[in-house]
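For reference, the structure discussed in these notes is given below.
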Amino acid sequence: MNNERTPRMGLAACTQAGDPELAKLVREQGAVEVWEHLRSGKGSTSLARRAQLLDVSAIEDQTKDCGARFIIPGDAEWPQSLQDLSWSEPVGGMGGEPLGLWVIGPTMLSELSAGVAVVGSRASTSYGEYVASQWAGGLAEQGCAVISGGAYGIDASAHRGALSAEGVSVAVMAGGLQHYYPPGNSALIERIAHKGAVISEHPPVVPPSRARFLVRNRLIAALATTTLIVEGALRSGAQNTVSWALSMQRLVMAVPGPVTSAMSVTPHRLIHQGQATLVSSVDEVLAGMKPINADIADFTRTQPTLFDSLTDHQKHVFEALPARLGKSIDELVQVTGDNVMNLQVCLTGLLAMGLVKQTDTGRWLAIPQARNPDSSLLGVSHPQPPF
Numbered sequence: 376m377n378n379e380r381t382p383r384m385g386l387a388a389c390t391q392a393g394d395p396e397l398a399k400l401v402r403e404q405g406a407v408e409v410w411e412h413l414r415s416g417k418g419s420t421s422l423a424r425r426a427q428l429l430d431v432s433a434i435e436d437q438t439k440d441c442g443a444r445f446i447i448p449g450d451a452e453w454p455q456s457l458q459d460l461s462w463s464e465p466v467g468g469m470g471g472e473p474l475g476l477w478v479i480g481p482t483m484l485s486e487l488s489a490g491v492a493v494v495g496s497r498a499s500t501s502y503g504e505y506v507a508s509q510w511a512g513g514l515a516e517q518g519c520a521v522i523s524g525g526a527y528g529i530d531a532s533a534h535r536g537a538l539s540a541e542g543v544s545v546a547v548m549a550g551g552l553q554h555y556y557p558p559g560n561s562a563l564i565e566r567i568a569h570k571g572a573v574i575s576e577h578p579p580v581v582p583p584s585r586a587r588f589l590v591r592n593r594l595i596a597a598l599a600t601t602t603l604i605v606e607g608a609l610r611s612g613a614q615n616t617v618s619w620a621l622s623m624q625r626l627v628m629a630v631p632g633p634v635t636s637a638m639s640v641t642p643h644r645l646i647h648q649g650q651a652t653l654v655s656s657v658d659e660v661l662a663g664m665k666p667i668n669a670d671i672a673d674f675t676r677t678q679p680t681l682f683d684s685l686t687d688h689q690k691h692v693f694e695a696l697p698a699r700l701g702k703s704i705d706e707l708v709q710v711t712g713d714n715v716m717n718l719q720v721c722l723t724g725l726l727a728m729g730l731v732k733q734t735d736t737g738r739w740l741a742i743p744q745a746r747n748p749d750s751s752l753l754g755v756s757h758p759q760p761p762f
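Numbers in my numbering are just positions in the sequence shown, counted from 1, shifted up by 375.
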């Protein structure tokens, strides 16, 4: 199918992404035939005129200049999960498998394992950002790819969480890859491109637009086996991603939030309407994914665990420790209400059991499950946020 590369790049450059009719035509007739017909001069449509005027070699140069590669269906790297867009119902008049993808980064999209789309509000709360970061890190530690849109708020927190756990993160852009958007997240997106993948179905110089934000959401949902919505107001763009996931019969999970928060409206509505499963920990997300991803570890714990053997005091202190960044003794005094001497005795015992560690700066943190096989016996979730 290599002979389709130039026609598909040309079609992607002169059409609006997510045109279900064009996607169907290409699927039925082939990209080469559709492209040659448009370029033949026989057609008088605006699409035909754009195709006749387009310099594909310029698009190829732009692709090289920004360090991207252009992949198409049939390539070894093409993610098969995108085929579900061929039969799913259009959302908002948009749909269809993309004609091709521009990609920057070392991650092969066809090798994404147990992808989770983490989405939510740009105007996120500290609670939502904490959950997105901590859970994305926990999912990445368990081998899940974290997929989001690179935006401010929940997207950025999820990407940072995955990167902090040295996991794979994928950012799907609403514009071309020559300039990352939003500009304030350029450094973060550069980090994603260095370790994971940044992708777009638009040529490198195409700017983002409202329609392109909506149409890229179908790629976020299609690349993932599960969509997790952390926060969303009444009119939330994250709802659009959820709609795409539901149209492809994918799992949708939602994080509950304070009933007093406007950012809890969409997750709570999805749960109430039975469109999303309520989840309150990373373990519950993984357990919900297990029927689809048989290689995910079984998180059902029916046997006595190491955590069960701890004293109430040790459990209280352990649950106050984050898996990343850590807490100082003074911070633990504030969180637990205990005194310094009791905390030091308790932490020494947890250290001897291999459940915690102390950083060079003296901060204490719980050892992530992925880095300590024994800690999988704990039977506990990540600590709750201090809100």
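Every residue, glycine too, gets a C-beta built ideally from N, C-alpha and C.
All values reported here derive from a predicted model rather than from experimental measurement.
Query: Suppose you measure from the CA of A599 to the CA of G513; what does that come to, to the nearest Å?; Result: 16 Å
Query: Do you know how far the Cα of R610 is from the Cα of R566?; Result: 30 Å
Query: Are the CB atoms of V521 and V491 within a distance shorter than 8 Å?; Result: yes
Query: Please look up how many angstroms separate the CB atoms of T602 and V617, rounded, as I've assumed it's under 8 Å.; Result: 6 Å
Query: Can you give me the start and stop residues for the alpha helix (DSSP H) that L725 sits inside?; Result: V715 to A727
Query: What three-state label does DSSP hand I447 in the structure shown?; Result: coil
Query: Measure the CB-CB distance between S532 and A507 and report whether it falls below 8 Å.; Result: yes
Query: Tell me whether the beta-carbon of M623 lies closer than 8 Å to the beta-carbon of A596.; Result: yes
Query: When the Cα of P633 is compared with those of T641, L626 and V627, which residue comes out closest?; Result: T641
Query: Is A741 helix, strand or coil by DSSP?; Result: strand
Query: With distance defined between alpha-carbon atoms, name the residue in P579, V692, D687 and M728 nearest to T438.; Result: P579
Query: Counting along the chain, where does the alpha helix (DSSP H) carrying K690 start and finish?; Result: D687 to E694
Query: Beta-carbon separation of A572 and L457 under 8 Å?; Result: no
Query: Could you give the residue range of the beta strand (DSSP E) that holds L476?; Result: L476 to I479
Query: Below 8 Å CB to CB, which residues in the same chain sit around L718 once its five sequence neighbours on both sides are set aside?; Result: V692, I704, L707, V708 and T711
Query: Would DSSP call K665 helix, strand or coil?; Result: coil
Query: Looking at G559 and P583, is the spacing between their C-beta atoms short of 8 Å?; Result: no
Query: Please list the segments of the alpha helix (DSSP H) lying wholly inside the stretch 535–610, counting only runs of 4 or more residues, in order along the chain.; Result: 561–570 and 585–598
Query: What whole-angstrom Cβ distance do S496 and G607 have, given they're in contact under 8 Å?; Result: 5 Å
Query: When you compare each of R625, R383 and H647 to V401 by their alpha carbons, which one comes out closest?; Result: R383
Query: L487 lies in the alpha helix (DSSP H); which residues open and close that run?; Result: Note, L487: premise wrong, no alpha helix (DSSP H); not H, not E.
Query: Between the Cα of Y555 and those of G542, S544, I574 and A537, spot the shortest distance and give me the residue it belongs to.; Result: I574
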